[in-house]
Amino acid sequence: MTGKLGLDPVLVARARELARRAGQPVVDLARSHTTVSVERAVLRLAGVSGADPDGIPWVNRLVDAVVADVGLGHGVAVPVFDALAREGVSDVTLLAQKAAAGSVRFEVPAAKAATAARRAARKAVAAGIRQIDRRRAERDRLVKRHGDPKQRPWIYLIVATGDIYEDIPQAQAAARAGADVIAVIRSTGQSLLDYVPEGATREGFAGTYATQENFRLMRAALDESSRELGRYVRLTNYASGLCMPEMATLAGLERLDMMLNDSMYGILFRDINPIRTFVDQRFSRQVHARAGIIINTGEDNYLTTADAVDEAHTVTVSQLLNEFFAHEAGLSDGLLGLGHAFEINPDVPESFRLELAHALLARELFPDAPLKWMPPTKHMTGDVFRGNLLDGFFNLVGTMTGQGILLVGMMTEAVVTPWLSDRDVALQNVRYVLGAAGGLHEDFVPAPGGFIQQRAHRVLGEAVGLLERIGEQSLLTAIAEGTFGIMKRPADRGKGLDGVARHAGDYYNPATEILERPASGGSGVPA
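Using my numbering, read the sequence shown as starting at 557 and increasing by one per residue.
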């Protein structure tokens, strides 16, 4: 028996083994398929950039042209670099422009031509991955120069006006007020766009479009704040939806520090095809591992659609699955920001003790992960005084259980888009709790055999039972039956399925070939 909860290590080990058994068939599926977004990410690493006059990225145009001529199953790298040689063109973006005009035809080369195309593709993609390596080393230098925040958990705050040029001063103001991580929430519906918009944007809805230029602008602004404040301020965005691999690639190229990257969020809450999602998330996590980017998973979302008490075990199961998928893709525990949330109805008797049990269970199951603890949203009523009190309870649980990343709750949650003054009050709440009780996790030990221990043991037992049932069926079947977040998502439906293909015998992806070798240098962060 170990830890404050007295969890049975044999049962914990069984839970992990069951998660591996449930997840391995999905990994096998991901390793034998590709998607249009994976192939676009490969070409972005090879240097394709920009968009046509209608705003359609050249990388989309190029992949569409290759697929029209030879299909997706061979991968696009070899047909593209074979065409470069045949056309006598040295610039991949120029080739994309010619392809969009219909002046290039693609084929799958054989013999020496195929070998030459593979060699050229690998060289070009390797240059893009070296840029990601340089950005990771740059982060390491800046953290060493400016330092990390002195306290744990890190204070994580959302900024998103829809206009990147409004986001920047708000983000910098938030950093001055104590935020350690700035998350630029994405414009509503962007996850369903099968392309990444180009350039700086000023017209997002309930969020700001995630683009490479917006990434660059915000990272530069927070670098200024880091110098000013004497601590490295981290930047978060989203690698989810139909362009997950591309978003991960752009994040690595622009030195983002965290990305929302859950293995099932897009399936459950955006109705994206399960196979498309699992293929895309494996590639995106390989990129995150190389870039040293912390992923944040989305288990908190389950509790906004399902009951947080009855379905607590589904959160634990998803965390275990996310851990397996992350490790398989090369992510270390220090980059594994597993999600959970303070979403129990406050009118439920002993709700605070239940929240403590769930949070402490996650902390003890994943002791080296920088867990991401999410504030109350589902039961916020518009009463700002009650909401601020609930957020204070949430902050207290976070420090009592040693969470790694604390998302700042807003008393105006679900009422209005927060004003700067709302954020300031919310940050005051966090600062007070962390200042007054920041070391409380050292002293807090639940009573042996008491309410909190019993609840944690029950949730872990229910999680093992669910994993056993998933193993008897399959993870794809469990998702289709509404096991997570009560959303039923069959594997043969959903958005983006037409952008998935099984590997042909000669499939080649130079990015995967490089990313599956261990990278040297860099590290995660302490829990």
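We put the beta carbon where it would ideally sit given N, CA and C, even for glycine.
Roughly how many angstroms lie between the CA atoms of residue i and residue j, to the nearest whole one?
i       : j       : result
Val835  : Val592  : 10 Å
Pro753  : Arg617  : 13 Å
Val1081 : Gly890  : Because Val1081 carries a pLDDT of 42, less than 50, the predicted location of this residue cannot be relied on, and no value is offered for it.
Thr1068 : Ala673  : 16 Å
Asp750  : Ala621  : 15 Å
Arg1014 : Val566  : 15 Å
Gly797  : Ser659  : 32 Å
Val989  : Asn951  : 7 Å
Pro974  : Val615  : 36 Å
Trp929  : Leu599  : 36 Å
Leu561  : Gly1017 : 13 Å
Asp564  : Gln1010 : 12 Å
Gly1027 : Ala575  : 8 Å
Gln842  : Ser588  : 16 Å
Arg772  : Glu1024 : 45 Å
Gln707  : Pro931  : 19 Å
Glu884  : Leu859  : 26 Å
Pro705  : Ala1003 : 32 Å
Ile961  : Val871  : 17 Å
Met1043 : Gln580  : 22 Å
Gly893  : Ala666  : 44 Å
Name the two residues that bound the continuous beta strand (DSSP E) containing residue i.
i       : result
Trp614  : Per DSSP, Trp614 belongs to no beta strand (DSSP E); it is in the alpha helix (DSSP H), 614-626.
Leu816  : 814-816
Asn1065 : Per DSSP, Asn1065 belongs to no beta strand (DSSP E) and is neither H nor E.
Asn793  : 790-794
Leu1090 : The displayed coordinates of the chain run from 557 to 1083. Any statement about residue 1090 would go beyond what the structure contains.
Ala897  : 895-897
Val715  : 710-715
Starting from residue i and walking both ways along the alpha helix (DSSP H), at which residues does that stretch end?
i       : result
Val598  : 592-601
Tyr721  : 720-732
Arg587  : 565-587
Glu986  : Contrary to the premise, residue 986 reads as Val rather than Glu in this sequence. Here the alpha helix (DSSP H) through Val986 covers 976-993.
Val636  : 633-643
Val1056 : First-last for Val1056: 1056-1058, but that is the beta strand (DSSP E), not the alpha helix (DSSP H).
Leu963  : That residue, Leu963, is in no alpha helix (DSSP H); its beta strand (DSSP E) goes 961-963.
What does a CB cutoff of less than 8 Å around residue i pick up in its chain, not counting 5 residues either side in sequence?
i       : result
Thr937  : Gly943
Leu698  : Asp779, Ser782, Tyr788
Arg572  : Leu876, Glu879, Phe880
Gly1077 : Caution is warranted here: a pLDDT of 45 is assigned to Gly1077, below 50, making its placement in the model unreliable, and no coordinate value can be reported.
Thr792  : Tyr712, Val737, Ile738, Ala739, Val740, Leu812, Asp813, Met814, Met815, Leu816, Asn852
Quick one: what's got a C-beta closer than 6 Å to residue i's C-beta in the same chain, skipping five residues either side?
i      : result
Ser819 : Gln837, Asn878, Phe881
Gly958 : Arg919, His997
Ala656 : Arg617
Thr933 : Glu969
Arg577 : Gly1027
Val636 : none
Cβ of residue i within 7 Å of any heavy atom in the ligand SAH?
i      : result
His702 : This structure lacks the ligand SAH; in fact it carries no ligand of any kind.
In chain order, what residues of the same chain lie with their CB nearer than 7 Å to the CB of residue i, ignoring the 5 residues before and after it?
i       : result
Gln746  : Tyr765, Ala766, Gly797
Arg570  : Val1020
Leu1151 : No information on residue 1151 is available, as it lies outside the stretch 557 to 1083 that the chain covers here.
Ala982  : Asp947, Val964, Gly965, Met966, Met967
Gly559  : Glu920
Would you call the segment 769-787 and the segment 831-849 in contact, with 3 or more CB pairs under 8 Å?
no
Quick test of the definition: if touching needs 3 or more C-beta pairs under 8 Å, does the segment 647-660 touch the segment 684-701?
no
In the segment 911-954, which residue ranges form an unbroken beta strand (DSSP E) of at least 3 residues, counting only runs that do not cross its ends?
928-930
To test your reading of the DSSP string, which unbroken alpha helix (DSSP H) runs of 4 or more residues are found completely within the segment 999-1040?
1007-1028, 1031-1036
Between the segment 836-854 and the segment 805-821, do three or more beta carbon pairs fall short of 8 Å?
yes
Whole alpha helix (DSSP H) runs in the segment 666-708 with 4 or more residues, listed along the chain?
667-702
If you pair each beta-carbon of the segment 674-682 with each one of the segment 723-739, do three or more pairs fall below 8 Å?
no
Inside the segment 822-869 only - alpha helix (DSSP H) runs reaching at least 4 residues:
830-847, 858-861
Entirely enclosed beta strand (DSSP E) segments - the segment 732-777, minimum 3 residues:
737-740
Does the contact criterion of 3 or more C-beta pairs under 8 Å hold for the segment 624-638 versus the segment 1050-1063?
yes
Could you tell me whether the segment 900-912 touches the segment 854-871, where touching means 3 or more Cβ pairs closer than 8 Å?
yes
If we count Cβ pairs, one from each stretch, closer than 8 Å, do we get three or more for the segment 1027-1047 versus the segment 600-611?
no
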